[in-house]
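Asker: Just dropping this structure here.
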């Protein structure tokens, strides 16, 4: 088991613990590491299918009554030592500093938007934080349902004052089925939304290691409901993408897709429309929404570790922990460049814990190939807060 630096009796910040999936008693190992935090919320990442149900039962047997437990399967984990695989990471949020409530948003395939909005607003009404407490939303979603764009837009419309971020559950690199855990049940075709309140300072972090090139392409044929591009520039999509990137068609792999992302411009920002696979009909399967007529820009990967280090170093104070949602394609790009150890060092140094996703959500958008995180920090000294208030 690996235990994060904050895993001690009376811990202020969240506690991250980790166990091997193949370890017979992994639930008890995680439970032992979480107890000292007296958590009111526990997130578990990396367990798949029935493992989630069994893990939930073990944790409930030993954690305080009323502790909210939620989680999902993953495409990789971020534990106390950085990147990990075939493990389970559990994060305990001390009840002395966090209050949480979970809500299942079911039937992603039917998009019952009105029902979701009513439930979300009712949930918000049950939270009334004081001036020294922050409220935020966390979202875990079936990574293969293909409805993240509509889901995050709905949450943003229902809860415009609640910053929300999260990740799409994964299934390694298999893309067969993903699972979520909430309210003691393992579910699919659904999302789990958590409203969380804390007296700690919180700061959102986003980082994407790409820049746009001068090469633009037009989606001339697509199947939007399947997130599939059939044609780019009136040519078979896979062939045209291979030509533009200078890659042999039979050499197109997830690592190559990560090196040459397709970008969608929104306002002044570019967001990745990540490719997950080639299709049997010569198309490209995407991890985000796409429509015929969309203009995309070919992206270029930049330095992944230096820019990420600068983003983390820009936090106002050293974090007690950072809850992180990191795209699996970003991790593949890191590993392809031989930078896994360096990235793991950064993740461990800044106490990042979370999982590798099939997509990330923040600021009312679903994106790919991006790191999205929430840093938890001690509140600044009273005099600092007073000065900031006077300046405002």
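In the UniProt record's numbering, the protein residues as written are 1 to 392.
Don't be surprised by glycine CBs; every beta carbon is placed ideally from N, CA and C.
A quick note: this is a predicted structure, and the numbers were derived from the prediction, not measured.
Measuring alpha carbon to alpha carbon, tell me which residue in 240, 375 and 146 is nearest residue 324.
Answerer: Among 240, 375 and 146, the Cα nearest to that of residue 324 is on 375.
Asker: Just the C-alpha distance for residue 147 and residue 273, rounded to the nearest angstrom, thanks.
Answerer: One C-alpha to the other measures close to 14 Å.
Asker: Unbroken alpha helix (DSSP H) runs of length 4 or more, entirely within the segment 110–158: which are they?
Answerer: Counting whole runs of 4 or more residues, the segment 110–158 contains the alpha helix (DSSP H) stretches 113–125 and 148–158.
Asker: Anyone know if the C-beta pair for residue 230 and residue 260 falls short of 8 Å?
Answerer: Cβ atoms of residue 230 and residue 260: not closer than 8 Å.
Asker: Cutting at 7 Å between CB atoms, please list the residues of its own chain near residue 168, excluding the five before and the five after it.
Answerer: Closer than 7 Å at Cβ, skipping near neighbours: 141, 143, 148, 357, 358 and 359.
Asker: With residue 307 as the anchor, note down where its alpha helix (DSSP H) starts and where it stops.
Answerer: Taken as a continuous stretch (DSSP letters only), the alpha helix (DSSP H) holding residue 307 covers 304–313.
Asker: Cβ atoms of residue 89 and residue 353: under 8 Å apart, would you say?
Answerer: Going by C-beta atoms, residue 353 is nearer than 8 Å to residue 89.
Asker: Are the segment 119–136 and the segment 38–52 in contact at 8 Å, needing three or more beta carbon pairs?
Answerer: At 8 Å Cβ cutoff, the stretches do not touch.
Asker: My understanding is that residue 393 touches residue 72, with C-beta atoms under 8 Å, so please give their C-beta distance in whole angstroms.
Answerer: Examination of residue 393 is not possible in this model, given that the chain is present from 1 through 392 alone.
Asker: Quick check: what's the CA-CA separation for residue 202 versus residue 377?
Answerer: Residue 202 and residue 377: Cα-Cα distance of roughly 6 Å.
Asker: For the candidate residues 74, 363 and 19, whose alpha-carbon lies nearest to that of residue 174?
Answerer: When each option's Cα is compared against that of residue 174, the closest is 74.
Asker: By Cβ distance, which residues of its chain are closer than 6 Å to residue 16, with the 5 residues on each side in sequence left out?
Answerer: Excluding sequence neighbours, residue 16 sits near 4, 80, 91 and 353.
Asker: If you count every other CB in all the chains shown that lies within 10 Å of the CB of residue 386, and 16 or more means buried, which is it?
Answerer: Annotation note: pLDDT 47 at residue 386 (below 50); position unreliable, no value reported.
Asker: Suppose the cutoff is 6 Å on Cβ atoms and the five residues either side in sequence are ignored; what does the same chain contact list for residue 312 look like?
Answerer: Result list for residue 312: 350, in chain order.
Asker: I'd like to check one pair, residue 292 with residue 221: are the Cβ atoms closer than 8 Å?
Answerer: Contact flag set, yes.
Asker: At which residues does the beta strand (DSSP E) containing residue 39 begin and terminate?
Answerer: 39–45 is the extent of the beta strand (DSSP E) around residue 39.
Asker: Have a look at residue 179 and residue 225 and give me their C-alpha separation to the nearest angstrom.
Answerer: Rounded to the nearest angstrom, the two C-alpha atoms are 21 Å apart.
Asker: Please report the distance separating the alpha-carbon of residue 98 from that of residue 137.
Answerer: Each residue's Cα considered, the two are about 13 Å apart.
Asker: From which residue to which residue does the beta strand (DSSP E) around residue 212 run?
Answerer: Element bounds for residue 212: 210–223.
Asker: For residue 98, list the residues DSSP reports as bridge partners.
Answerer: DSSP, once it has assigned bridges, lists 198 as partnering residue 98.
Asker: Is there at least one non-hydrogen atom of the ligand FAD closer than 7 Å to the beta-carbon of residue 123?
Answerer: Annotation note on the ligand FAD: not contained in the displayed structure, which lists no ligands.
Asker: State the Cα-Cα distance for the pair residue 49 and residue 186, rounded to the nearest angstrom.
Answerer: The alpha-carbon atoms of residue 49 and residue 186 are separated by roughly 7 Å.
Asker: Would you tell me roughly how many angstroms separate the C-alpha atoms of residue 285 and residue 379, rounded to the nearest one?
Answerer: For residue 285 and residue 379, the distance between alpha carbons rounds to 44 Å.
Asker: Are the CB atoms of residue 282 and residue 238 nearer to each other than 8 Å?
Answerer: Yes.
Asker: Label residue 94 either buried or exposed according to how many other C-beta atoms from any shown protein chain fall within 10 Å of its C-beta, with 16 as the threshold for buried.
Answerer: Buried is the call here.
Asker: Taking the alpha carbon of residue 296 as the reference point, which residue from 348, 240, 334 and 345 has its own alpha carbon closest?
Answerer: Closest by alpha carbon: 240.
Asker: Taking only three categories from DSSP, how would you classify residue 53?
Answerer: Residue 53: helix per DSSP, three-state reduction.
Asker: If you count every other CB in all the chains shown that lies within 10 Å of the CB of residue 392, and 16 or more means buried, which is it?
Answerer: Note that residue 392 has pLDDT 42, beneath the 50 cutoff, so the model's placement of it is unreliable and no number is given.
Asker: Per DSSP, which one or two residues make a beta bridge with residue 72?
Answerer: Partner(s): 45 and 180.
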